[in-house]
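Only one structure is covered here, and it is reproduced in the block below.
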Amino acid sequence: MIRNWLAVGLLSASWMWGLEFYTPVNGWLWLVCLLGAVLLMVEPPRRPLCRIDATIALLLLLPTIWMLGWPHRAIPFGLVVGLLPFALGSAPQRVAALGWGIVRSSLVLAGQAIALYAYCLTTMRSHDLPWPGPLLVGAVARLLGADVSVDGSNVVVFSTAGPQRLGATWELVFDPVTMVLLAGSLVLISLWSWEDRSWHKGENVLQRVRPWLAHAGFAFLAIGLWIPVRLALLVGLFLHREMRAPEALKLTVMNQFFSPWVLVLAGLGALASLAWWVRRRPPEVAVSDPEASVSLTETRRRALAATVLVALVGLATTLLLLDPIGRPRGGRVTVVERHSEWEPSDRPYDKVSYGEDPSYSYTAIYDYCGQYFETSRLLEDEKIDTARLSQCDVLVIKTPTAPYSDNEIRAVLRFVQAGGGLLLIGEHTDFKHTGSCLNQIADPLGFKFRPDNLFGVGAPYVQHVYPQRFPHPAVRNVPVIRYANSCSIDPGWSWGRAAVWNTGLWGLDADYNMANFFPEAYYRPEMRYGAYIQLWETRHGKGRVLAFTDSTVFSNFSTYEPGKAELMLDMLSWLNCRSVLDRQGMRLFVRLVGLVLLAGTIWLVVTRHPRSGNPWLVWLACVLLGYLGATQAIAAWQKGGLPECERPLVRVVMDRTVSRVPLSEGGFTPDPGGYGLLEQWIPRLGYYTVRAVDEEAFSGDVLLVVSPTESVTEAYRQRLVQWVTEGGKLIVFDSPDSSGTTANSLLWPFGISVYHANATRGPLKFEDSDWPGISVPGACVVEGGEPFAWVGDVPVAARARLGKGTITAIGFGWLMNNENMGGTWFTEPEPASLKVYEVLFALIEAVVEDRFISPPDKSASEPAETPEADQN
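Quick note on numbering: the sequence shown equals residues 247 to 1118 in this note's numbering.
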């Protein structure tokens, strides 16, 4: 029995390393915990498993393995592997014992996965304990002898370094490890109940479940009694570390509260308490079971019943979760510039406007969305009223910096209630009062933007959001995306769904001593941590509402990083559509039908189940397959569905199949040898960029390959030749510093070669052009094709034609790396950098427009001579 509890403890610990809950995933530790738990669970089943039921369950579970990702995939995978010996029949005792250990471990994992998901859904809405939770935390701290005061949801503990405002949160008192430990213990008790037939004696249901209820009550009692002891130990450890830590580290000791090692060790007391309070009764069961044999007719009946059950569960799931995208409306998107002085969409982003202001604007994303929608701006001198809003289908209110009037708020709410789509875009820490102004509209809708800033645990400024298995339709096509620094959403009483939420985050409130209200990224006692909502969806009347919390990702310097333009397009597309389920009454009716169907299915299973065998195995498999199959089908049905591109911009693809040069991350370009600024500068020409691999690399008008070093497969090379022949434009940048270059593998089919051995340096010149003097630090010799750039007499750039397309080879690519282009986007460039920009712009424009490179137009940048100067 002790072995079983240790196994539950290891499975509880595995989630902390298998998921990015607080820290990055550690696959090895997760696997060790999983295998250790299986070995501890190994023992022969005390009731034989029906071969037919095991076979039906195994077949039903097989498809679910491909429907889940790791670590959740371990659940159906373990069940399939564990049931295999019983499905085959006559398995040796040791094999049966191992199989049953794997099955039990997988069932415990399943219960823990459901509990952890419910924990996230609960804590993401509010991390703070409800009353009297803070008082209980304060009482525990007083038992330690600390001087304590309770201030709202914080417990102020006075220490040697002054008052520490410790947040009284769910994560502090009832952490996720304790939650999954409780869930795992209930599953284990349920398995004991099934194995021990003495627990099933009784004339009615209450008598039969009374032993289970008693043991479950002891499990709650054991963990409940340990929680205050655990809290006292952790608070005492915090105060001890804070007292002994050097001054520079005093504000980092909060890391213990989300350290997997500390949480697992703190759960050992609960594990020991469970082992003491909840003990398995001696078995009263025979080795064999005459009910384990099932006739052929009964086998067919059970298979048919399982099929019907899968269909019923799938139908109920569909009715409960279905949120059809619906039909598109007029596609008129209006961006509100009124009351907003931050991140405007009408600021120039071109070849002459540089610095922070042009980069921190929405020009690029506005132009990108203009390909798909009829976009317009509501300017400062226009009114926000019913007449003006009737001219749009989707209203985008981004980072307002001045308050709205009551009439404007009512006009916006009427617009949504009548069926309009509303996108609210906020920023961290109520910067420039953006959150306060947005909350004027959000509060009547039942939610609000919090004035906080979210960081990533371990790496504060890295927040990767991965696609969910069952994504919200507003983010159905979004790949992995990296956020900058968002605030969070308090959903309040609003009915809705977290379209984007994430774990592994921690938040701090605004620091008003900083110019941008941005708090320093170090752990503090008042911080909150765990799961947070970063995109909230709700409804109002007939309309749809989305609240997004990271405005920075749509600024010009970040717009075309992976996933960000796709996110905006998905959100606007969803807001522009309407379906019959947008009406609250219809939506509630369909959900009610789903609940009734689910309840009827449960009643049918409980009252009409076979009296022999192990039907619960089949039930579990049916529920899992029905639920996963329905959600998978809904997600596949909703995939795509984007509007047609009616006003296409030039699409420049940054190849990531054979090129691995560093590009920008989170909008910044920290690597001086990278090419993030090159990628960011291309949209200044009115084009847009995407990063792509394999076949998608040939989806644009121009393919830009920078310093390729990966092996070029024959299939890729053939596809490249075909794409160019059909009209594609290929640009290959190479440099003498590119070690292990594979540029020639791309260029040889077109009769061009690049050579590093005879690299040269010096002034760069172009044919028939009075180009301003610019010196390249190094350039490769380019042979073949038609040269158009030289260093001295050595050709360093050439182009060729094949079919309808062109190939351009550049041997001085590192002239356009981050270092030579100024390093950052937020400063005014030096004259030397401006000359590099001119070369880059001229090269890209010449390829797009299918002409030779021409010198910059000096008439636009140099003052014209005055008449007086002419007379002199």
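Note that beta-carbon positions come from the ideal geometry of N, C-alpha and C, so glycine has one too.
(request) Give the DSSP-derived three-state secondary structure of R584 in the structure shown. (result) The count along the sequence shown starts at 1 and reaches residue 584 at position 338. Reduced to three states, the DSSP call for R584 is coil.
(message) Could you tell me the alpha carbon to alpha carbon distance between G946 and F332, rounded to whole angstroms?
(response) Reading the sequence shown from its first residue, position 700 is the one you call residue 946. Reading the sequence shown from its first residue, position 86 is the one you call residue 332. Rounded to whole angstroms, G946 to F332 spans 54 angstroms at the Cα level.
(request) Can you grab the Cα-Cα spacing for the pair L353 / P995, in whole Å? (result) On the sequence shown, residue 353 is found 107 positions in, with the first residue counted as 1. On the sequence shown, residue 995 is found 749 positions in, with the first residue counted as 1. So the alpha carbons of these two residues sit roughly 57 angstroms apart.
(message) Can you check which of these residues, Y365, T269, Y618, P322, is closest to P894 by C-alpha distance?
(response) Along the sequence shown, one-based indexing puts residue 894 at 648. For P894, the nearest C-alpha among the options comes from Y618.
(request) Please report how far the alpha carbon of A657 lies from the alpha carbon of D631, in whole angstroms. (result) Within the sequence shown, the letter at position 411 stands for residue 657. Within the sequence shown, the letter at position 385 stands for residue 631. Looking at the two C-alpha atoms, the distance is approximately 5 angstroms.
(request) Output yes or no for whether 8 angstroms exceeds the beta carbon distance between S825 and P604. (result) The count along the sequence shown starts at 1 and reaches residue 825 at position 579. The count along the sequence shown starts at 1 and reaches residue 604 at position 358. No; because the gap between Cβ atoms is not below 8 angstroms, this pair is not in contact.
(message) List, from N- to C-terminal side, the beta strand (DSSP E) runs of 3 residues or more that fit wholly inside the region 824-910.
(response) 897-901
(request) Can you tell me which of the three DSSP states T269 falls into? (result) The residue you call residue 269 lines up with position 23 of the sequence shown. Reduced to three states, the DSSP call for T269 is coil.
(request) Using the Cα positions of M1062 and P982, report the straight-line distance between them to the nearest angstrom. (result) Numbered from 1 along the sequence shown, position 816 holds the residue referred to as residue 1062. Numbered from 1 along the sequence shown, position 736 holds the residue referred to as residue 982. C-alpha separation (whole angstroms): 13 angstroms.
(request) Using three-state DSSP, classify E972 as helix, strand or coil. (result) To locate residue 972, count along the sequence shown from 1; it is residue 726. If DSSP states are grouped into helix, strand and coil, E972 belongs with coil.
(request) Classify N400 as buried or exposed, calling it buried when 16 or more other Cβ atoms lie within 10 Å of its own Cβ. (result) Numbered from 1 along the sequence shown, position 154 holds the residue referred to as residue 400. Its Cβ being crowded by 16 or more others within 10 Å, N400 is buried.
(request) Could you spell out where the beta strand (DSSP E) holding D755 opens and where it closes? (result) Along the sequence shown, one-based indexing puts residue 755 at 509. Note, D755: beta strand (DSSP E), 742-755.
(message) Restricting to Cα atoms, I'd like to know which of Y595, N653, L684 is closest to I643.
(response) Here the question's residue 643 lines up with position 397 in the sequence shown. Nearest of Y595, N653, L684 to I643, Cα basis: L684.
(message) Nearest by alpha-carbon distance to G665: which of L329, V510, V559, V640 is it?
(response) Your numbering for residue 665 matches position 419 in the sequence shown. Comparing Cα-Cα distances from G665 to each of L329, V510, V559, V640, the minimum goes to V640.
(message) Under DSSP, the beta strand (DSSP E) around W782 begins and ends at which residues?
(response) By 1-based counting over the sequence shown, the position of residue 782 is 536. Residues 774-786.
(message) Using only CA atoms, which one of M500, A478, V475 lies nearest to R487?
(response) On the sequence shown, residue 487 is found 241 positions in, with the first residue counted as 1. It is M500.
(request) Specify, as a first and last residue, the run of the beta strand (DSSP E) that Q617 falls within. (result) For the purposes of this step, residue 617 is identified with residue 371 of the sequence shown, where counting begins at 1. That residue, Q617, is in no beta strand (DSSP E); it is neither H nor E in DSSP.
(message) I'd like to know whether the C-beta atoms of D755 and P697 end up nearer to each other than 8 angstroms.
(response) On the sequence shown, residue 755 is found 509 positions in, with the first residue counted as 1. On the sequence shown, residue 697 is found 451 positions in, with the first residue counted as 1. Their beta carbons are under 8 angstroms apart, which means D755 touches P697 by this criterion.
(message) Once DSSP output is grouped into helix, strand and coil, what is the label at A1003?
(response) Against the sequence shown, residue 1003 aligns to sequence position 757. Strand.
(request) Give every residue of the same chain whose Cβ lies closer than 7 angstroms to the Cβ of S405, excluding the five residues on either side of it in the sequence, and list them in chain order. (result) Sequence index remark: in the sequence shown, residue 405 carries index 159 (1-based). The answer, listed in chain order, is L485, E488, M489.
(message) By alpha-carbon positions, which one of V896, A961, N1066 ends up nearest to L950?
(response) Here residue 950 corresponds to residue number 704 of the sequence shown, with the count starting at 1. Selected option, being the one with the closest Cα: V896.
(request) Just the C-alpha distance for L314 and R715, rounded to the nearest angstrom, thanks. (result) Translated into the one-based positions of the sequence shown, residue 314 becomes position 68. Translated into the one-based positions of the sequence shown, residue 715 becomes position 469. Going by the C-alpha atoms only, they are around 7 angstroms apart.
(request) List the DSSP bridge partners of T543. (result) Here the question's residue 543 lines up with position 297 in the sequence shown. Answer is none; T543 lacks a bridge partner.
(message) With three or more C-beta pairs closer than 8 angstroms as the rule, is the region 995-1009 touching the region 1089-1101?
(response) no
(request) Might you give, ordered along the chain, the residues of its own chain that have their beta carbon closer than 8 angstroms to the beta carbon of Q502, omitting 5 neighbours on each side? (result) Residue mapping note: residue 502 aligns to position 256 of the sequence shown, counting from 1. So the qualifying residues of the chain are L480, L483, F484, R487, V508.
(request) Tell me V711's beta-bridge partners as DSSP assigns them. (result) The residue you call residue 711 lines up with position 465 of the sequence shown. Note: V711 sits in a beta bridge opposite I727.
(message) Bridge partners for V396 per DSSP, in chain order?
(response) Reading the sequence shown from its first residue, position 150 is the one you call residue 396. Its beta-bridge partners are V401.
(request) Decide if E972 is buried, meaning its Cβ has at least 16 other Cβ atoms within 10 Å, or exposed. (result) Locating residue 972 in the sequence shown gives position 726, where the first residue counts as 1. So E972 counts as exposed.
(request) Can you give me the Cβ contacts of A989 inside the same chain, cut-off strictly under 6 angstroms, excluding the 5 residues immediately before and after it? (result) Locating residue 989 in the sequence shown gives position 743, counting from the first residue. The residues are P954, V978, D980, V1000.
(request) For the region 646-653 and the region 763-775, state whether three or more C-beta atom pairs, one from each stretch, are separated by less than 8 angstroms. (result) no
(message) Using C-beta distances below 6 angstroms, list every residue in its chain close to L923, excluding the 5 sequence neighbours before and after it, in chain order.
(response) Counted from its first residue, the sequence shown places residue 923 at position 677. Counting only Cβ-Cβ distances below 6 angstroms, and skipping sequence neighbours, we find T915, N1064, M1067.
(request) Could you please give the first and the last residue of the uninterrupted alpha helix (DSSP H) stretch that includes I655? (result) What you label residue 655 is simply residue 409 of the sequence shown in a count that begins at 1. First-last of the alpha helix (DSSP H) with I655: 652-663.
(request) Would you check if the distance between the CB atom of A745 and the CB atom of H710 is smaller than 8 angstroms? (result) For this step, residue 745 is matched to residue 499 along the sequence shown. For this step, residue 710 is matched to residue 464 along the sequence shown. No, these two residues do not count as a Cβ contact at 8 angstroms.
(request) If I'm right that L257 touches L375 with Cβ under 8 angstroms, what's the distance once you round it to whole angstroms? (result) Along the sequence shown, one-based indexing puts residue 257 at 11. Along the sequence shown, one-based indexing puts residue 375 at 129. Rounded, the Cβ-Cβ distance is 27 angstroms, inconsistent with contact.
(message) V433 and M262 - do their beta-carbons sit closer together than 8 angstroms?
(response) Residue mapping note: residue 262 aligns to position 16 of the sequence shown, counting from 1. Residue mapping note: residue 433 aligns to position 187 of the sequence shown, counting from 1. Contact flag unset, no.
(request) Could you check the C-alpha separation between G1038 and V1027 for me, to the nearest Å? (result) Here residue 1038 refers to the residue found at position 792 of the sequence shown. Here residue 1027 refers to the residue found at position 781 of the sequence shown. Going from the Cα of G1038 to the Cα of V1027 covers about 11 angstroms.
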